[in-house]
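Using the working numbering, read the sequence shown as starting at 1 and increasing by one per residue. Cβ atoms here follow ideal geometry from the backbone N, Cα and C, with glycine treated the same way. As the structure is a computational prediction, the values presented were derived from the model and not from experiment. Written out below as structure tokens is the structure these notes cover.
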Amino acid sequence: MPNDLISSAIIEIEEHTELDFNEIQKEFWEGLLSSYSEEILTEGWDDFISILRPRIKPSGQQAKQVFGKVVLRKEYLPPKEVDIKTKRYGSLVARAVINSISYAKQTEGGKAAYHSDQSRFWKEIMKEPNMAKKHARLAREYARGD
Numbered sequence: 001m002p003n004d005l006i007s008s009a010i011i012e013i014e015e016h017t018e019l020d021f022n023e024i025q026k027e028f029w030e031g032l033l034s035s036y037s038e039e040i041l042t043e044g045w046d047d048f049i050s051i052l053r054p055r056i057k058p059s060g061q062q063a064k065q066v067f068g069k070v071v072l073r074k075e076y077l078p079p080k081e082v083d084i085k086t087k088r089y090g091s092l093v094a095r096a097v098i099n100s101i102s103y104a105k106q107t108e109g110g111k112a113a114y115h116s117d118q119s120r121f122w123k124e125i126m127k128e129p130n131m132a133k134k135h136a137r138l139a140r141e142y143a144r145g146d
């Protein structure tokens, strides 16, 4: 932020607080305000000014809270839209997990039954042999009691 804008910002803070800053205080506010871009300061300025009270020195923490929120809003990226294929895939897998849990409870086969059912799901429905092999191996291990 250009020095003339920082200077005018400090003058505005002094006017709102009805205080005159000494050189050390002015240097503090110059350093603090210059750490934010002009865009961030402009967007958060009204919020910052609104918290200032007459005859009370503002703290740097107050400024950091106000302008920090603006920075977070600017940096926030909304979650990416998930395509319909991915949603269907996730939904199918979630249903299979729920069904396998239910199957394991009904058969009282525990983890071995769960992994056996998952192996079948990944092999027959999803056509992913690597996942099917992993679940089959886990089913064998649980069946043996490892």
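In this structure, threonine 86 lies away from arginine 55, with their beta-carbon atoms at least 9 Å apart. Note on valine 70: 16 or more other CB atoms within 10 angstroms of its CB, so buried under the neighbour-count rule.
Under the DSSP assignment, glutamate 14 falls in the alpha helix (DSSP H) whose first and last residues are 3–17. Collapsing the DSSP output to three states places proline 58 in coil. In the DSSP annotation of this structure, the continuous segment of the alpha helix (DSSP H) that includes lysine 133 starts and ends at 129–144. For tyrosine 36, same chain residues with a beta-carbon under 6 Å away, outside a window of 5 residues either side, are Phe67 in chain order.
Proximity of the segment 99–113 to the segment 71–85 falls short of the contact definition, fewer than three beta-carbon pairs being nearer than 8 Å.
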